[in-house]
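Undergrad: First residue of the sequence shown? That's 0 in numbering that gives the first Met the number 0, and the numbers climb one at a time after it.
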Amino acid sequence: MNGGKQDVQYDVVIVGSGAGGSAAAWRLARAGLRVALVEKGPDLPRDGSTLDIGRVVGEGAFKSRELWLDGEGRFFRPEEYFNLGGKTRWYGAALLRYGSHEFEADAAHDCPGWPLPAAALGGYYQEAERRLRVRSFDCEPDLARIIAGLRARAPGWRALPLPLGLRPEILANPAEARHFDGFASVDGLKGDAETAFLGDVRSLGNLRILTGTAVTALTGAAGMPHRITGVQLADGRGLRARCVVLAAGALHSPRLLQRYLEATGLAASLPCAGQVGRNLKLHLLTAMLAIGRPRPADLIRKTALFINDAMPHSSVQPLGFDGELISTLFPRLVPRPLARLLGAHAYGFFLQTEDGAHPDNRVIAESPATRGLPVLDYAAARTPAALREHRQLVRGFRRSLARIGLVAFDQRVGLAGTAHASGTLTAGSDPRSSVVDANGQVHGMTGLCVVDGSVLPRSSRVNPSLTIYAWSLRVSDLLAERLTREDSHDGIAKSVA
């Protein structure tokens with residue numbers, strides 16, 4: 000692997016190092032398997048630039064520059080990140096479990112059920128929470144006043160502690176505390192995939208981490224395309240493996256599989272092929288700024304989750320943004336001095352509603368027919384129940400804030416807001432309506448598993464990261480057991496021979 004073009008043998012090759020990929024690498028490497036983790040992007044710098052508003056927000060220096068087409072053929076750039084640890088390095092550290100009812104089908108909201116019950120992930124949720132050091136923080140004074148006001152004047156809202164993957168030491172580090180939501184920690188104070196999982200196994204001799212090189216194709220056995228045997232890298236190297244684990248994310252893993260199915264002819268014969276890339280979910284998202292007379296002084300801010308029984312597929316959480324960062328959310332037509340003044344008096348909120356699943360919301364791999372660009376064809380109107388509830392959520396929360404003297408402005412997060420993308424390789428029992436089975440294996444194929452957010456049948460009303468970690472740990476556990484068992488059988492067979 001030191002610059003040569005020859006194939007190299009591994010037990011497992013993992014494509015992508017976000018929540019699913021890093022958790023898989025941790026579990027499989029600790030099982031003694033030979034693992035290669037391939038990440039398209041670099042390791043992030045530790046020089047403080049990942050906490051710099053100018054670099055991160057103003058310049059977008061760390062975001063992907065990958066160009067896409069939308070369903071109407073217009074150019075846009077999804078807000079994706081290619082770096083070791085994936086988007087978890089940048090996310091807001093909100094780590095919540097799905098409710099048990101969110102594993103069941105909800106036809107009225109266009110939500111399919113999972114192929115396994117919530118209890119199947121229970122122990123893996125616990126393991127992920129331990130690794131990520133999930134905890135709740137005390138509600139700070141400004142947010143406490145908002146909660147008290149809503150309780151008195153808009154009692155439909157309930158505030159619950161928001162589990163966060165933050166170290167308690169962050170409270171003594173204002174620079175990190177004000178810039179954890181949407182920024183990458185320099186001092187390891189946030190429970191991201193790299194810090195919580197890769198950091199524990201990076202020194203193991205059986206784990207090789209390759210950064211700065213993309214996987215361009217899956218490779219299969221000669222004459223047996225149903226059997227995946229490795230991957231091809233952009234630099235010309237080939238990696239052979241007993242199993243390939245896709246963990247590149249809901250926008251990227253399906254494209255690798257689509258290209259392989261087309262190249263091998265399986266697109267016309269594999270029962271699940273028609274579902275690859277479909278049922279994309281983004282969450283319906285709105286950012287809301289609530290402006291009042293007192294100047295908020297809270298440090299963390301993001302310590303509570305708001306829910307309302309009238310909108311059972313929705314939730315609201317504060318943004319962990321200080322006034323300086325909030326000022327960047329105002330439209331450019333607002334003069335910057337005014338934006339900074341308003342930002343200093345504002346509290347930010349993130350409103351999200353569970354997306355339904357619709358087969359026409361999809362990711363399509365690049366091809367000559369798409370001008371050589373990938374396509375993200377998505378319209379919220381295709382899942383009208385979710386769209387109705389989200390509009391109700393935005394109106395209801397804005398009015399509730401007005402009752403306690405806060406003037407709210409909101410802006411819908413557009414198609415580029417792919418932080419919570421899921422679906423596209425949905426898990427299910429029927430190959431005609433799903434892509435992977437309950438154990439994460441692609442229906443009708445061998446040597447190919449999926450552990451990223453593309454498997455999620457439902458997007459839930461909360462952030463998906465913790466569920467991706469839990470799913471990956473379960474799939475990796477099963478895979479490690481199978482590969483170890485095969486090794487034992489091979490050893491017995493050789494000794495008998």
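Positions of the beta carbon are idealized from the N, C-alpha and C atoms, including for glycine. Predicted, not measured: the structure shown is a model, and the values here were computed from it.
#1: Can you have a look at residue 183 and say buried or exposed, based on whether 16 or more other CB atoms are within 10 angstroms of its CB?
#2: When we look at the beta-carbon of residue 160 and count the other beta-carbons within 10 Å, is it buried (16 or more) or exposed?
#3: Classify residue 410: buried if its beta carbon has 16 or more other beta carbons within 10 angstroms, exposed otherwise.
#4: Three-state secondary structure (DSSP) at residue 4?
#5: Check residue 468 in the structure and name its three-state DSSP category.
#6: Could you pull the DSSP bridge partners for residue 250 from this structure?
#7: So, for residue 227: in the same chain, excluding its five sequence neighbours on each side, which residues have a beta-carbon less than 6 Å away from its beta-carbon?
#8: In the structure shown, what three-state DSSP assignment does residue 210 receive?
#9: Using a Cβ-Cβ cut-off of 6 Å (strictly less than) and excluding sequence neighbours within five positions of residue 497, which residues of its own chain qualify?
#10: Could you pull out every residue in the same chain whose Cβ sits closer than 6 Å to the Cβ of residue 117, ignoring the five residues on either side in sequence?
#11: What number of angstroms, rounded off, separates the C-alpha of residue 293 from the C-alpha of residue 347?
#12: Relative to the C-alpha of residue 299, which residue among 93, 382, 234 is closest?
#13: Opposite residue 189 in the DSSP bridges: which residues?
#14: Using the C-alpha atoms, what's the distance from residue 486 back to residue 494?
#15: Which stretch, first to last residue, makes up the alpha helix (DSSP H) that contains residue 113?
#16: Taking residue 232 and residue 213 to be in contact with their CB atoms under 8 Å, please state how far apart those CB atoms are, rounded to whole angstroms.
#17: Can you grab the Cα-Cα spacing for the pair residue 235 / residue 353, in whole Å?
#18: Measure how close the beta-carbons of residue 283 and residue 386 come, nearest whole angstrom, since I'm counting them as under 8 Å.
#19: Taking 8 Å as the cut-off, does the region 451-462 touch the region 303-319 (at least 3 CB pairs, one atom from each stretch)?
#20: In the DSSP assignment, find the unbroken alpha helix (DSSP H) run with residue 384 in it and report its ends.
#21: Which complete beta strand (DSSP E) runs does the region 265-330 hold, if anything under 3 residues is left out?
#22: Can we say the region 50-65 touches the region 141-156, given the rule of at least three CB pairs closer than 8 Å?
#23: Please classify residue 162 as buried or exposed, where buried requires at least 16 other C-beta atoms within 10 Å of its C-beta.
#24: Determine, for residue 55, whether the minimum Cβ-Cβ distance to residues of chain E falls below 8 Å.
#25: Would you give the residue range spanned by the beta strand (DSSP E) that residue 407 belongs to?
#26: Give me the Cα-Cα distance between residue 10 and residue 30, rounded to the nearest whole angstrom.
#27: Do residue 164 and residue 133 come within 8 Å of each other at the CB atom, strictly closer than that value?
#28: May I ask you to report which of helix, strand or coil DSSP gives residue 123?
#29: For the 8 Å Cβ check, are there 3 or more pairs between the region 265-276 and the region 420-437?
#30: If you follow the beta strand (DSSP E) that residue 73 is in, where does it begin and where does it stop?
#31: Based on the DSSP output, what are the partners of residue 16 in its beta bridges?
#32: Starting from residue 143, follow the alpha helix (DSSP H) in both directions and report where the run begins and ends.
TA: From the atom records:
#1: buried
#2: By the 16-neighbour rule on beta-carbons within 10 angstroms, residue 160 is exposed.
#3: exposed
#4: Low local confidence applies: a pLDDT of 46 at residue 4 is under 50, so the model's placement there is unreliable, and no value is given.
#5: helix
#6: Bridge partners of residue 250: none, in fact.
#7: 217, 219, 243, 446, 447
#8: Strand at residue 210.
#9: Since the first residue of the chain shown is 0 and the last is 496, residue 497 is not available in this structure.
#10: 99, 102
#11: 14 Å
#12: The residue with the shortest Cα to Cα distance from residue 299 is 93.
#13: 165
#14: Its pLDDT being 42, under 50, residue 494 is placed unreliably in this model, and the coordinates cannot settle the point.
#15: Careful: residue 113 lies outside any alpha helix (DSSP H) and carries neither H nor E.
#16: Between residue 232 and residue 213 a beta carbon distance of about 7 Å is seen, short of the 8 Å cut, so the two are scored as contacting.
#17: Taking the straight line joining both Cα atoms gives about 41 Å.
#18: 7 Å
#19: yes
#20: 383-402
#21: 283-290, 303-307, 313-317
#22: no
#23: buried
#24: Structure shown: chain E not included; a single protein chain is present.
#25: Counting along the chain, the unbroken beta strand (DSSP E) around residue 407 starts and ends at 406-411.
#26: A direct Cα-Cα distance of roughly 11 Å separates residue 10 from residue 30.
#27: yes
#28: Three-state DSSP puts residue 123 in a helix.
#29: yes
#30: Residue 73 -> no beta strand (DSSP E), and no H or E assigned at all.
#31: Partner(s): none; residue 16 has no beta bridge.
#32: 140-152
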